[in-house]
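Heads up: the sequence shown at position 274 corresponds to 274 in this note's numbering, and the numbers run straight through without jumps.
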Amino acid sequence: MEQKQIAIVGAGTGGLLACKYCLSKGFNPTVFDFESGIGGVWAKTIKTTRLQLPKATYQFSDFPWPASVTDDFPTQQETIEYIRSYATHFNLMPHIKFHSRVKGISYDGPSSDTWSLWNGTGEAFPREGKWNLTVENTKTATTQIYKADFVILCVGRFKDTPNIPKFPNGKGPEIFHGKAIHSMEYSAMDHDAAAEFVKGKKVTVVGFGKTGLDIAREISEINGPEHPCTIVYRKDHWKLGTWFPWGIALVNFMFCRITLLSVHKPGESLLLSLLATLLFPIRWGIWTLLETHAKMTLPLAKYNMVPKHGLSNDFSSGLLLYMPNPELFFDAVEKGSIKLVKSPSFTFYEKGIAAGNSQKIEADVVIYATGFDGVEKLKSVFESPKFGHYIAGSPRVPLYRETIPTRIPQVAVIGFSDGLSSLYTSEMRCRWVAALLEGAVKLPSIKEMQKDITRWDEYMKQSSGEYHTRSFFGGLEIWYNDLLCNDMGINPMRKKGLLANLFEPYELRDYAEI
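Here it is as C-alpha cells:
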C-alpha cells in the first residue's frame, strides 16, 4: 500500500507531539518550520520569562523534567532545553525541515459542500484529494511544492501575526516622533540589544497581560524611577501571587475529578448536570476565598486594581494572571519605576500617547503587548477564500474536538484552543489525531459534529461572558481528555481505585501508558 504523506506545519510543542505520535503509528511525517530551530513561542522570549504554572502541569507524559531543573517555574532557557531534549530523545529532528516557510496550502480534490461525512467518507484518507504546500526556503529564497495526503496545522495562535490596535486617521503611530513596536519585535531581540534599546528611555507598554507584565518589570529594572515605565491598560483582571494559597496546591485542585463534578460541562448527562448544580455553592465558596486571598496578599485595592467581575470569569476565559515574585512588581510601582494608567482607549500624539481620560503620557518608545491575531494567521494558511471563511467563523475557531474543521478535508488543527496548560491538552489531541489517521477513531456526521461545536461554543460564551475572545476551557481538561479517550476506545479512568480517580490530581503522566 502507498505510504501516506503527512505534512506538519510548525515545530513548536504541538508540531513535535504530532510528529512523535504519527511516527508511533508507522507514518513518516515531514515538519516544516520557517525558524532555524524548534520550540515555537519558547524559542524567542524576553529574558525574564518563566512558566506560568508549576512544571508538573507542563510536562510531556513520557519524558519528565530533568532533576537538574529544581524550580517549580523553570526559566525560558530551561524550558527550551527541555523541549529540545524531548525532540532529540524521540529522534524527531531528522523529520524537520527548518528555514521552510509554508506560504500557503491548496486542495486538489472534490468539493466538500455536499458531504454529509467529513472527507466524504468519514475517514482521514479518502480515495481522492491531496494538499499542495507552497514552501519557501528562507535561506535560498527558492520555492518548492510538496504534496500531502493529510496536513496537521500546528501554527499556534500566540506568535507571528501581531494584533495591532487601529486608530482614527491622524491619531496613529505615524504622527508619533518616537518608536512604536510590537512585543514580538522586542522579544526577538538579543537580550543585551533589548536592554540597550530601552535604556534611559521613557517607555510605555500597552497591555497588562503576561507579556506586558514581564516587559514592564524588565524595563523597570533597567531604568528605575529615573525613567519610569508606564503600563496603559483597559480593564483589571484577577492576578494571583501564588499557586499555593494557604499552603494548598491550587493546581492540584483544578486538575481533580471531584472538582470537575462541580462544573457544568458541554454535553453532560442529566445526572452530572444535577451534581454540578448541587455542588456549585462549594465551588463559588472556593472562588470567593481565592479572591479574598488575592486582596489580602496583594495591594490590589491600594493601586485601584481590584476587578469588577469575579475571579471565575477570568479563569474561564484564560485571563487569570499569575505574578511571580509579586512583591518586586508592587515595590517597583511604589518607587515609581512602574506607573499604571487605566484607560478604555488611547491614541498617539507627537510626543507619546493620549489616554482616553485626557491624560497625555510622554514616551520615546511604545511597545504593544496586545497579543496576536491567531484566527487571521490560521486563515491566511489557506489559499482558498472559502476555507478561510470556514476558519474565521468566530473568536473560537469552529473545530470538532477542538481539532477538526468539519468542511475542510484532510486537515487537523493543533493548538488553537487550550486550557490552563497548553501542553496538557495538545498531547492528548495529537494522540487522538494519530489514532484518527490509523482508522481507530470514527467521526460522526458533519451535522452531529457541528452540533457539538455549537454546544462547546455556547458553553464558553456563557462561562466567559464578555471576555470570550478565544477557545479556552480551563477546568475542563479532564472532561475533554475523557472524550478523546472514549473516542479512542481507551478507559478514561487513569488511576487505580475510585478514591484515587476522584481526589488525586490528574497529570499528563497518567496518560503515558495508552
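Every residue, glycine too, gets a C-beta built ideally from N, C-alpha and C.
Residue range of the alpha helix (DSSP H) that includes residue i
i: Q516; result: Since the first residue shown for the chain is 1 and the last is 514, residue 516 is missing from the structure and cannot be characterised.
i: V251; result: L250 to M254
i: K386; result: P385 to I391
i: H191; result: H191 to V198
i: I408; result: From DSSP, I408 is part of no alpha helix (DSSP H); its letter is neither H nor E.
i: W479; result: E477 to D487
i: W287; result: L270 to T297
i: E427; result: S422 to L437
i: L260; result: R257 to L260
i: S312; result: L311 to S317
i: N501; result: L498 to F503
With 16 other Cβ atoms within 10 Å as the buried cut-off, status of residue i
i: R50; result: buried
i: Q359; result: exposed
i: A301; result: exposed
i: G371; result: buried
i: G285; result: exposed
i: L271; result: exposed
i: T45; result: buried
i: F346; result: buried
i: P344; result: exposed
i: L423; result: buried
i: Q76; result: buried
i: S183; result: buried
i: N28; result: exposed
i: T114; result: exposed
i: P54; result: buried
i: W246; result: exposed
i: S384; result: exposed
i: L274; result: exposed
i: L278; result: exposed
i: M296; result: exposed
i: K265; result: buried
i: S111; result: exposed
i: N325; result: exposed
i: H237; result: buried
For residue i, the first and last residue of its enclosing beta strand (DSSP E)
i: Q144; result: T142 to A148
i: R401; result: Per DSSP, R401 belongs to no beta strand (DSSP E) and is neither H nor E.
i: G104; result: S100 to D108
i: I83; result: No beta strand (DSSP E) holds I83; the alpha helix (DSSP H) holding it covers Q76 to H89.
i: Y233; result: C229 to Y233
i: E221; result: No beta strand (DSSP E) contains E221, which is instead part of the alpha helix (DSSP H) from K210 to N223.
i: L133; result: K130 to N137
i: T204; result: V203 to V206
Beta-carbon gap between residue i and residue j smaller than 8 Å
i: L240; j: L117; result: no
i: G207; j: A369; result: yes
i: F150; j: L437; result: yes
i: F329; j: P299; result: no
i: R396; j: S471; result: yes
i: L133; j: A7; result: yes
i: K377; j: T161; result: yes
i: S100; j: N137; result: yes
i: R157; j: F416; result: yes
i: H177; j: E350; result: yes
i: F60; j: Y86; result: yes
i: R257; j: I414; result: no
i: D62; j: G267; result: no
Opposing strand residues paired with residue i [DSSP bridges]
i: V9; result: F32 and L153
i: G352; result: Y349 and E362
i: H182; result: Y368
i: P162; result: F372
i: K339; result: T230
i: V41; result: Answer is none; V41 lacks a bridge partner.
i: V413; result: L153
i: D418; result: F472
i: I96; result: V31
i: R50; result: T75
i: Y506; result: Paired residue(s): none; Y506 is not in a bridge.
i: L321; result: K239
i: F60; result: F63
Presumed contact (8 Å Cβ cut-off) between residue i and residue j, rounded CB distance
i: I367; j: V203; result: 7 Å
i: L420; j: T13; result: With a Cβ gap of about 15 Å, L420 and T13 do not count as contacting.
i: I219; j: V198; result: 5 Å
i: F315; j: G129; result: Going by Cβ atoms, the distance from F315 to G129 rounds to 41 Å, so no, they are not a contact pair.
i: A195; j: I222; result: 6 Å
i: N313; j: G465; result: 6 Å
i: N486; j: Y511; result: Incorrect: roughly 13 Å between the Cβ atoms, too far for contact.
i: C229; j: I338; result: 5 Å
i: V365; j: L153; result: Their Cβ separation, rounded to whole angstroms, is 34 Å, which puts V365 and L153 out of contact at 8 Å.
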